[in-house]
Amino acid sequence: LVLVGLLAAALIIIFRLYKMCLKWAKDWDQYEEKCYYFNFIKSSWNDSRRSCADLGSDLVKIDSREEQMFLNKRLRDLMVDDEDKFWIGLTDSGEEGRWFWSGNIPDADCVRMGRKGDGGPKCWFDRFCDHLQKSICEKKPNQKNMCVFF
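Following this line, the structure appears as structure tokens:
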């Protein structure tokens with residue numbers, strides 16, 4: 164009985180430390196299994212990707228409608244006007260009209276997202292990669308700069 168109580172107490176402590184640890188990375192927002200960093204420094208798509216890499220992450224790769232809706236809502240709160248968009252990790256740099264996540268060819272079409280207004284269905288917009296925009300980085304919670312307990 165004492166052993167069960169100690170085990171339960173240990174699990175509670177680990178859970179609380181994990182929560183505190185996520186808050187330690189206060190500039191990151193967590194949704195589902197990912198953490199997001201909204202970078203307000205405007206830079207090219209390639210420079211934005213390098214900035215994300217410096218944080219142990221990459222430009223966001225959107226995997227679901229729910230993730231898209233979360234990011235749309237978050238961006239509406241962060242954007243100043245409708246041109247205040249954020250780079251994401253989508254590009255058609257290899258072939259016009261054929262989209263890939265996080266390519267690495269400079270001066271091609273890259274994708275930014277965000278709509279200040281209603282956030283309707285059209286919220287991804289291509290732009291030349293050397294245009295200066297804000298960006299969204301993503302990483303898993305257990306990557307660099309986040310605490311993990313084992």
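When we follow the working numbering, the leftmost residue of the sequence shown carries the number 164, and every step to the right adds one. Idealized CB from N, CA, C, for every residue including glycine. Since we're looking at a predicted model, the values are computed, not measured.
- Going by beta carbons, asparagine 235 and serine 298 fall outside the 7 Å limit.
- Within the stretch 186-233, the runs of alpha helix (DSSP H) that reach at least 4 residues and sit entirely inside it are, in chain order, 208-217.
- It is roughly 8 Å from the alpha-carbon of arginine 213 to the alpha-carbon of aspartate 221.
- Taking C-beta atoms as the reference points, aspartate 293 and serine 206 fail to come closer than 7 Å.
- Burial is judged here by how many other beta carbons sit within 10 angstroms of a residue's own beta carbon; phenylalanine 291 has fewer than 16 and is exposed.
- Apart from sequence neighbours up to five positions away, the residues of its chain that approach cysteine 198 with a beta-carbon distance below 6 Å are Trp191, Lys302, Pro304, ordered along the chain.
- The Cβ neighbour count for serine 211, taken over all protein chains shown within 10 Å, is at least 16; the residue is labelled buried.
- Cβ neighbours of valine 274 within its own chain (closer than 6 Å, five residues either side excluded): Ile251, Leu253, Trp287, Asp289.
- Approximately 7 Å separates the beta-carbon atoms of tyrosine 194 and glutamate 230; this is inside 8 Å, confirming the contact.
- The three-state reading of DSSP puts arginine 278 in coil, since its state is none of H, G, I, E or B.
- Secondary structure note for lysine 297: its beta strand (DSSP E) is the uninterrupted segment 296-302.
- Inter-residue distance for isoleucine 225 and methionine 232 is about 10 Å (C-alpha atoms, whole angstroms).
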